[in-house]
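Notes follow once the structure below has been shown.
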Amino acid sequence: MLKANQKKQLKALAHDLKPIIQIGKDGLSDNLLTTIEQALKAHELIKISVLQNNNDITEELILDISSRTRSEFVFKIGRQLIFYRASKQKLIKLV
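Residue numbers (my numbering): 97 to 191.
Encoded structure:
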């Protein structure tokens, strides 16, 4: 579980990130989850964009991604979701 100051730090780091994953009208598939897993492993902090043809930006979607990828939900900005999962390389030093 991330502390408030850690979420604030991650939110600031994510500000300049471009979304590397898009969730479209098909929603969350196994292939998409595999891609999210790989992105988290490589980057630790990722931004996911939910396209306008998907009206499913709900707590359920956020919890589903978080639980199935063992990641922490950081923040939601409009149609963009930010997730974090520490890797063995410790690319991001949390306060």
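Positions of the beta carbon are idealized from the N, C-alpha and C atoms, including for glycine.
Going by beta carbons, LYS107 and VAL146 fall outside the 8 Å limit. In the structure shown, the three-state DSSP call for GLN118 is strand.
Segment contact: the segment 171-182 against the segment 130-149, three or more CB-CB distances shorter than 8 Å; contact assigned. Annotation: the segment 125-161 contains the following complete segments of the alpha helix (DSSP H) (minimum length 4 residues), in chain order: 126-139. Counting along the chain, GLN102 sits inside the alpha helix (DSSP H) bounded by residues 100-110.
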